[in-house]
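Engineer:
There are 2 protein chains.
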Amino acid sequence: MPSSFRVVVIGGVAAGPKIAAKVARLRPEAEVTLIEKGEHLSYAGCGLTYYISDMVREQKDLMSTPVGIVRDAAFFQNVKNVRVLNRTEAVEIDRANKRVRLRSPANGAESWIAYDKLALATGARRAVPPLPGANLRNVFGLKDIADAEAIKQATADADIENLVIIGGGLIGVEAAEAFVAIGCNVTIVEMLPQILAPLDWEMACHVQKHMTDKGVRILTGAPVASLEGAEKVEAVVLASGERIPADAVLIAVGIKPEARLAAQAGLEIGPTGAIRTDEYLCTSDPDIYAAGDCAESRHLITGRPCWAPRGSTANKQGRVAAINLCGGSERFPGVLDSMICKVFDYAVGLTGLTERAARECGYEAVAALVPAPDRADYYAGKKMLMLKMVADRATGRLLGLQAIGPGEAAKRLDVAATAITAGMTVDQVSKLDLCYAPPYSPAMDNLITAANVVKNKIEGRLTGISPVELKRRLDAGEPLTLLDVRTPAEFEKSRLAGAIHIPLGALRKRHGELPRDKDLVVYCGSALRAYEAALILHHAGFDRVRVLDGSVLMWPYELEKPGA
Amino acid sequence: MPSSFRVVVIGGVAAGPKIAAKVARLRPEAEVTLIEKGEHLSYAGCGLTYYISDMVREQKDLMSTPVGIVRDAAFFQNVKNVRVLNRTEAVEIDRANKRVRLRSPANGAESWIAYDKLALATGARRAVPPLPGANLRNVFGLKDIADAEAIKQATADADIENLVIIGGGLIGVEAAEAFVAIGCNVTIVEMLPQILAPLDWEMACHVQKHMTDKGVRILTGAPVASLEGAEKVEAVVLASGERIPADAVLIAVGIKPEARLAAQAGLEIGPTGAIRTDEYLCTSDPDIYAAGDCAESRHLITGRPCWAPRGSTANKQGRVAAINLCGGSERFPGVLDSMICKVFDYAVGLTGLTERAARECGYEAVAALVPAPDRADYYAGKKMLMLKMVADRATGRLLGLQAIGPGEAAKRLDVAATAITAGMTVDQVSKLDLCYAPPYSPAMDNLITAANVVKNKIEGRLTGISPVELKRRLDAGEPLTLLDVRTPAEFEKSRLAGAIHIPLGALRKRHGELPRDKDLVVYCGSALRAYEAALILHHAGFDRVRVLDGSVLMWPYELEKPGA
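Quick look at the structure:
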């Protein structure tokens, strides 16, 4: 390594600062330069919605160390030994001569900086749909601190009563909570048939229901035609013709990898639109690495190229890229596209494949829907948690977990992410020695119960029917018997329309009341009692019995409420 | 399988009911009989302390289904098709004739019951030390509902001001919180040098400190000589002679496997004192299975016999034993002795091996102490979490995790349990795609940071010193320089006595002030800045630099507080 080992890092938000600092630690003699187009360095992009809702009070809190030191250019120089050129745009990579052309956005002045190794951490940019009226005042995006400041300014200056969010993805959903917190009337309009497109439809339904309960109006399958207003936005007009009054609009239809600089330099771009990298995070040029939101990853289950922009991944990749561009050989194995977000009182998350994605990838997916308290049933602090576990019928391998609800979702998701990464089967998951005490989990953890349900299905002990399939058959008028085996009190409160009621404890004596010539779908609260009932019925000679997956607690449609 | 397949299950608390119900589901034609010495069935032994503190209001809540149906004999008959003989003691197993002798504790009447397969779920019993005065009134144990009722009765009848708990293990520590909650003055006396013996000493110190802050007096290294009193207990007398006034005493010196019935029948007993089983949970008699607290397990890391009495394990083993005694071949691979408990505002847990246990097992253990907020630093709801991760230097394999603090410990413990079970290295752990959003974790999860610290140690980038080792060297008067690289404000608040102060940002300019002829130990808050400092000093030619593991935040001894 020459004594003047010159490393240039482009992008100063997440992966970039990580790379720069790590290189300076590994090679104290290196000349490390960090180029950032904007003013701010190393800020928490994931915290912007919490800044809008004032949960994070000051802008500088988003870019400070835990002891309150702002991570500015002086900090990087003094503490990290990294030279920072912020308010400086990298406009061209001259790979032949190993140099980068820089431009000051302020005065247009240009210069070249030479590198021995270059790291690209150019991040992502907002997708901007070609909507008429998108340039009206009070139409915002939310990608960086300037966006957040503009929104805070607007909400401080004037009374924003009606706010419309275009896009029900991660950012739109998180922003909805922030805007409700500051007193806005929030409507989300989403083009797709569901919010949070990465989730399976029925899981997204439960999130949508919770948001609706919290006062957010949500329109799905609702493409936007235009924004209207004189100088300031006044309304969002849907393709359906509906006109939604709006004092402000947030456009949150997604982000794209910022790979333009790399593409112009002739670096390979992957099928996801992000910069192609190998497992060492090296691009198609051996002297150039890429990390963070601009870089493509590999999906750990499918092996396919995958673009998973996450602050967590950016930090991990930054470390790996730094080690390798210093001559190391550290692998970044890939991602599961794990995600979680807080949606009012719910945690909502996914790791690995949904049922839909698993089928698209060619797996014969087996799914379990398990709604249950997240702690011992008698423990006062327990909260409801809804799990959807997906596995491969052929191998029993765990493929994915979705978890939503007020209960402890993150723990089960992270355990599932670990198990999926290790290639565990549901059998192995069902025997994990997880930590148990009543304030933290039921004796049979929700995840272990879900794994057992999947095992029961794979091994033929349990035949389920999904709520979507049942609804389809009911709507089609197919002849089937619905059997509710809950207590009379539960049955009186809410139920599936048309169900026959026989409490589980009476079923051994009363199954003669049930018709034998039709399919029989049994349900209860969570499907546990329905499973017992199905076994009793099977033993009594009923051979067309199915258990409603997730039963009443995860039924995504309306229930009949006799008492209401 | 004959049509009259007779299964007898001995023990009606946790594993037993699970086995009985599962057998009845798998073989609806079986005659399943559940024998229980006591009155109550299928109750939550782990919830007893919450019953004492009135967090669980009614006794029946500990033995009810989620919809409030008490799991009594009628419930087991009607719903589970299991015949229950409670208030019935199994006093002899006649293996030759495959039958069990039963006795009614009430009237001494005896009878025999025949079995095709027998399952033992006899649980554990309280260890009772031979203490003079242990039979005095108001001296309690806490193992079953009768114990809990006796305690509740005593605290309701009279004013229990001073309560002494003998034993600082899991039950003693959990009970301390319950007794503080109902207004007692609680003292714990523990014979060993630390409470919570399964933890490493310095981790137990932090728990002890928290309990002391909550008003519990804790004496370690304090064996008890006797209990004194006229008819009711009045004092606990220590071997040291100290006399601690006591209106009531809880003896919680541990539990033992209840394997006497099995031993009398000539079944093999393992080195732990529990019933030896193979990985199918079959005992040395092919017609007899054992599960739950009476059964021995295998440790997943060491492969050694291991006795890990847990409600979670009992449920998992019960399922496996039931499948196998019905002719299946389901494996129970083993346990990690994972544990967690709530101690006031702290969660306290362990999975796998501590540093001490790892060394005892012959590993060259590498440990990281990582204190950090459990969520994004700018997120208002963040809480402190202290991790101790242990790995094997030779292979990099993760061996154990201890987690304590107000922060989210259970999640990291369960992820670690999964990773250990999968045989993951710390490198693999450091690249897990865990779910990230500011309300749930930092961008670099605490567990990933800990894995990176261990990696840095194994790969020689970081040389640490444990707080115990540093204290030993300071107490021995060895010459060494202590360097504090925190901010002036932090340094003024509290510090290690005798430390030199140079803030990290000034270290590149001021390292000339430091002596070069002595070992230099650098610390900060969490050790992150100290690591940066060590690299700066190393680059400046200092070659005897070590970083204090866990630094100030995990220093288990007194700190100097200039302002106090």
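Protein sequence lines, in the order shown, are assigned to chains A and B.
Position 105 of the first sequence, counted from 1, bears residue number 105 in the numbering used here, the numbering being contiguous throughout.
Heads up: take any position in the second sequence, counting from 1, add 1000, and you land on the numbering used here.
Think of the CB as a built atom: it goes at the ideal place given N, C-alpha and C, for glycine as much as any other residue.
#1: Closest by CA to B/R1486, which one among A/Q59, A/M55, A/V79, A/F332?
#2: What did DSSP end up calling B/M1554 once you bin it into helix, strand or coil?
#3: Do the stretch 203-211 of chain A and the stretch 139-156 of chain A make contact, defined as three or more Cβ pairs closer than 8 Å?
#4: Would you say B/L1401 reaches chain A, if we count a Cβ-Cβ gap shorter than 7 Å as a contact?
#5: Identify each residue in the stretch 1496-1518 of chain B for which the Cβ-Cβ distance to at least one residue of chain A is less than 9 Å, and report them in chain order.
#6: Determine the burial state of A/S430: buried for a count of at least 16 other Cβ atoms within 10 Å of its Cβ, exposed for fewer.
#7: So with Cβ pairs under 7 Å, would you call A/T481 a contact of chain B?
#8: According to DSSP, A/V545 sits in a beta bridge with which residue or residues?
#9: Report, in whole angstroms, the separation of the C-beta atoms of A/V533 and A/L514, which I expect to be a contact under 8 Å.
#10: Just to check my reading of the structure: A/S226 and A/L131 have Cβ atoms closer than 8 Å, yes? What is that Cβ distance to the nearest angstrom?
#11: Within the present structure, is the beta-carbon of B/D1054 separated from the nearest heavy atom of the ligand GDP by less than 6 Å?
#12: Would B/P1193 be called buried (16 or more neighbouring beta carbons within 10 Å of its own) or exposed?
#13: Select from the stretch 1424-1438 of chain B all residues with a C-beta closer than 9 Å to any C-beta belonging to chain A, and list them in chain order.
#14: Should A/G311 go down as buried or exposed, given a rule of 16 or more other Cβ atoms within 10 Å for buried?
#15: Give a yes or no on whether the minimum CB-CB distance between B/L1336 and chain A is below 7 Å.
#16: Could you please give the first and the last residue of the uninterrupted beta strand (DSSP E) stretch that includes B/V1429?
#17: Pull up the DSSP beta-bridge partners for B/D1094, would you.
#18: Quick check on B/K1256 - is its C-beta less than 7 Å from some C-beta in chain A?
#19: Indicate whether at least one CB of chain A lies closer than 7 Å to the CB of B/H1539.
#20: Determine which residues share a DSSP beta bridge with B/P1245 and list them.
#21: Quick one: grab the DSSP three-state call for A/N324.
#22: Quick one: Cα of B/L1504 to Cα of A/E330, how far?
#23: So is A/D377 in contact with chain B if we call contact Cβ pairs under 7 Å?
#24: If you measure between the beta carbons of A/M63 and A/R57, is that distance less than 7 Å?
#25: Can you give the Cα-Cα distance for A/P562 and A/I500, rounded to whole angstroms?
#26: Any idea if A/Q264 is buried or exposed, counting beta-carbon neighbours within 10 angstroms, 16 or more meaning buried?
#27: Tell me the rounded alpha-carbon separation between A/E364 and A/V453.
#28: Measuring straight from C-alpha to C-alpha, what distance separates A/L136 and A/Q153?
#29: Given B/L1163, which residues of its chain have a CB within under 6 Å of its CB, disregarding the five upstream and five downstream residues?
#30: Expressed to the nearest angstrom, what Euclidean distance is found between the alpha-carbon atoms of A/T481 and A/E560?
#31: Which same chain residues, not among the five before or five after A/R298, have their C-beta less than 8 Å away from its C-beta?
#32: Taking A/L520 as the query, report the chain B residues whose CB atoms sit under 9 Å from its CB, ordered along the chain.
#33: Terminal residues of the continuous beta strand (DSSP E) containing A/N86?
#34: 7 Å is my cut-off, CB to CB: does A/A546 come that close to chain B?
#35: Checking contacts by CB at 7 Å: is A/R125 closer than that to chain B?
#36: When you check each C-beta in the stretch 306-331 of chain A against every C-beta of chain B, which residues fall closer than 9 Å?
Structural biologist: On the basis of the coordinates in this document:
#1: The shortest Cα separation from B/R1486 among A/Q59, A/M55, A/V79, A/F332 belongs to A/V79.
#2: B/M1554 falls in the helix class under three-state DSSP.
#3: Segments in contact, no.
#4: The beta carbon of B/L1401 does not come within 7 Å of any beta carbon belonging to chain A, so the residue lies off that interface.
#5: Closer than 9 Å at the C-beta level to chain A, one finds these residues of the stretch 1496-1518 of chain B: L1504, G1505, A1506, L1507, R1508, K1509.
#6: Of the other Cβ atoms in all chains shown, 16 or more fall within 10 Å of the Cβ of A/S430; this residue is therefore buried.
#7: The beta carbon of A/T481 sits no closer than 7 Å to any beta carbon of chain B.
#8: BP columns for A/V545 point to A/L520.
#9: Note on residue identity: the sequence assigns Ala, not Val, to residue 533 of chain A. Wrong, their Cβ atoms sit about 10 Å apart, outside the cutoff.
#10: Right, the Cβ-Cβ distance comes to about 6 Å (below 8 Å), so this counts as a contact.
#11: You won't find the ligand GDP in this model; it holds no ligand whatsoever.
#12: Under this definition B/P1193 is an exposed residue.
#13: Residues M1424, D1427, Q1428, V1429, S1430, K1431, L1432, D1433, L1434, C1435, Y1436, A1437, P1438.
#14: A/G311 is buried by the Cβ-count criterion.
#15: Flagged as an interface residue toward chain A: B/L1336, by a C-beta distance shorter than 7 Å.
#16: It is not in any beta strand (DSSP E) - B/V1429 instead sits in the alpha helix (DSSP H) that spans 1426-1430.
#17: B/D1094 pairs with B/R1099.
#18: No, B/K1256 does not count as interfacial toward chain A.
#19: Interface residue, yes.
#20: Per DSSP, B/A1235.
#21: Here A/N324 sits in helix by DSSP.
#22: The alpha-carbon atoms of B/L1504 and A/E330 are separated by roughly 28 Å.
#23: Yes, A/D377 lies at the interface with chain B (some Cβ there is under 7 Å from its Cβ).
#24: It is not a contact, given that the beta carbons lie outside the stated cut-off.
#25: Each residue's CA atom was taken as its position, placing A/P562 and A/I500 some 14 Å apart.
#26: In the assembly as shown, A/Q264 is an exposed residue. Its beta-carbon has fewer than 16 other beta-carbons within 10 Å.
#27: Distance from the CA atom of A/E364 to the CA atom of A/V453, rounded to whole angstroms, is 16 Å.
#28: When the Cα atoms are used, A/L136 and A/Q153 turn out to be separated by approximately 16 Å.
#29: Within its own chain, the residues whose Cβ lies closer than 6 Å to the Cβ of B/L1163, once the five positions on either side in sequence are excluded, are F1179, C1184, V1186, A1248, listed in chain order.
#30: Computed Cα separation, rounded: 16 Å.
#31: Around A/R298: E279, R304, P305, C306, P333, G334, V335.
#32: The premise fails here: A/L520 is roughly 17 Å from chain B at the closest Cβ pair, so nothing lies under 9 Å.
#33: Element bounds for A/N86: n/a, residue is neither H nor E.
#34: Looking at the sequence itself, residue 546 of chain A is Arg, so the reference to Ala does not match. No - not a single Cβ of chain B is within 7 Å of the one on A/R546.
#35: Among the residues facing chain B, A/R125 is not included, as its CB has no counterpart in that chain under 7 Å away.
#36: If the cut-off is 9 Å between Cβ atoms, the stretch 306-331 of chain A has A308, R310, G311, S312, T313, A314, N315, K316, R319, V320, E330, R331 near chain B.
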